[in-house]
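Asks:
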Ligand code: LMR
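Residue numbers (the numbering used here): 45 to 382.
#1: So, is residue 311 buried or exposed, given that buried needs 16 or more other C-beta atoms within 10 angstroms?
#2: Put residue 125 into one of helix, strand or coil per three-state DSSP.
#3: Answer with buried or exposed for residue 149, where buried requires no fewer than 16 other C-beta atoms within 10 angstroms of its C-beta.
#4: Return the residue from the list 133, 217, 183 and 103 that minimises the CA-CA distance to residue 5.
#5: Which complete beta strand (DSSP E) runs does the stretch 168-195 hold, if anything under 3 residues is left out?
#6: Have a look at the DSSP bridge pairing and note the partners of residue 257.
#7: How should residue 188 be labelled, buried or exposed, when 16 other C-beta atoms within 10 angstroms of its C-beta is the threshold for buried?
#8: Just to check my reading of the structure: residue 209 and residue 249 have Cβ atoms closer than 8 Å, yes? What is that Cβ distance to the nearest angstrom?
#9: From 141, 130 and 271, pick the residue whose C-alpha is nearest to that of residue 341; which is it?
#10: Do you know whose CA, among 100, 374 and 266, lies nearest residue 334's CA?
#11: If I measure Cβ to Cβ from residue 306 and keep anything under 7 Å in the same chain, skipping five residues before and after, which residues do I get?
#12: Tell me which residue opens and which closes the alpha helix (DSSP H) that residue 347 is part of.
#13: Might you give, ordered along the chain, the residues of its own chain that have their beta carbon closer than 6 Å to the beta carbon of residue 243, omitting 5 neighbours on each side?
#14: Measuring only the C-alpha atoms, how far is residue 151 from residue 215?
#15: Does the beta-carbon distance from residue 300 to residue 98 come in below 9 Å?
#16: Taking only heavy atoms of ligand 1 into account, decide whether any of them is closer than 8 Å to the Cβ of residue 277.
#17: In the DSSP assignment, what residue or residues form a beta bridge with residue 130?
#18: On the criterion of 16 or more Cβ atoms from any shown chain inside 10 Å, does residue 321 qualify as buried, or is it exposed?
#19: Let me check one thing: in DSSP terms, what residues is residue 211 bridge-paired to?
#20: For a test of the three-state rule: what should DSSP assign to residue 140, helix, strand or coil?
#21: Using the rule of at least 16 other Cβ atoms within 10 Å of the residue's Cβ for burial, across every protein chain shown, is residue 345 buried or exposed?
#22: One question on the structure: do residue 203 and residue 220 come within less than 9 Å of each other, judged by their Cβ atoms?
#23: Bridge partners for residue 334 per DSSP, in chain order?
#24: Compute every distance between the C-beta of residue 135 and the non-hydrogen atoms of ligand 1, then say whether any falls below 8 Å.
#25: Which class does residue 277 belong to by DSSP, given the choice of helix, strand or coil?
#26: In this structure, does DSSP put residue 104 in helix, strand or coil?
#27: Compute the Euclidean distance between the alpha carbons of residue 136 and residue 120, then round it to the nearest angstrom.
#28: Among 201, 139 and 374, which residue has its Cα nearest to the Cα of residue 332?
#29: Alpha carbon to alpha carbon, how far is residue 82 from residue 313? Give it in angstroms, no decimals.
#30: I'd like to confirm the pairing. Which residues does DSSP put opposite residue 69 in its beta bridges?
#31: Expressed to the nearest angstrom, what Euclidean distance is found between the alpha-carbon atoms of residue 328 and residue 100?
#32: Cβ of residue 72 within 9 Å of Cβ of residue 126?
#33: Answer yes or no: the CB of residue 167 versus the heavy atoms of ligand 1, is any distance below 8 Å?
What follows is the structure, given as structure tokens:
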């Protein structure tokens, strides 16, 4: 072998052994729901797109089902940099000291998804994300799940049916007030503990979109579900700010593109996943499904709407009214089209 051939042989060996190949940037993306939910599928989609667009310079490791951390722990882990990305529900930002996000929990605040998306994608959504900077967090996108339904081991038709029931909620003061307004006793609990708590009777009932209900097998431990659409559950996809700001510019641009596309995908599948989950709950035959008729819905609203007023100070009257204005605007546009 001449010298040149030896040089190339050594070079090939070195490269194939990965000596020159830089280690990929690892993003640990932790979440608490099943892989086959809107959030679970979207996390996987983001992994695929992020790895493809960065040509392997980034590796995304998705940890579903509270495998790494439960609700509260995952927020701490993100701030400490033990994980780089999360997508907690919007109800879980209160304990962080950013109470404004609880506006999404107000019962019946979003008449439809159109209003919701306008809020998320407009000034309101941007202003909320800006508040996360002080917590060392950057907001990347808002993901959807859907409207929540109530469940228990007794039928929940009239407001009186809630009296005395222990209802599991996420860590949100608004949700606490919502359950109290119904006459129930709210119990804050991590998502990963809900199935066992229902099974053992530690709590009597809960609320969640059907996709979460079905994928956690709650239909095995809840005999009744009321399709009430009384509140909303969605997510903020967030990253550790130091990590995100420290990424090379070209990589961050690719990741932003991956996130934009994932968000379109996520919002597209969210409703379908919930519809399919409802069909599966029906097929399983273990939970009786009751669709709340309009007259009872109005009775629920009468009891629940005062919660908006109660939270004007804690959340901000301006913020609540800004959402009412978006809803009025959407309504006006719809009327104009008729
Ligand atoms: C819950 O705790 O009920 C939800 O936030 C779970 C989730 O992330 O969808």
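C-beta atoms are modelled at their ideal positions from N, C-alpha and C, and glycine is treated no differently.
As the structure is a prediction and not an experimental result, all values here were calculated from the model.
Replies: The structure says:
#1: Residue burial annotation: residue 311 is buried, with at least 16 other C-beta atoms found within 10 angstroms of its C-beta.
#2: Correct three-state label for residue 125: coil.
#3: buried
#4: In the structure as shown, the chain begins at 45 and stops at 382. Residue 5 is therefore absent and cannot be evaluated.
#5: 181-191
#6: In DSSP, residue 257 forms no bridge with anything.
#7: buried
#8: 6 Å
#9: 271
#10: Of the candidates 100, 374 and 266, the one whose C-alpha sits nearest the C-alpha of residue 334 is 266.
#11: Taking residue 306 as the centre and dropping the five residues before and after it, the same chain places the C-beta of 86, 89, 90 and 93 closer than 7 Å to its C-beta, in chain order.
#12: 338-348
#13: 265
#14: 15 Å
#15: No, the Cβ-Cβ distance between residue 300 and residue 98 is not below 9 Å.
#16: The answer is yes for residue 277.
#17: 74 and 282
#18: Residue environment: residue 321 is assigned as buried (16 or more neighbouring CB atoms within 10 Å of its CB, all protein chains considered).
#19: 230 and 249
#20: helix
#21: exposed
#22: no
#23: 270
#24: yes
#25: strand
#26: Strand, per DSSP.
#27: 12 Å
#28: 201
#29: 6 Å
#30: 102
#31: 42 Å
#32: Yes, the pair counts as a contact, with Cβ atoms nearer than the cut-off.
#33: no
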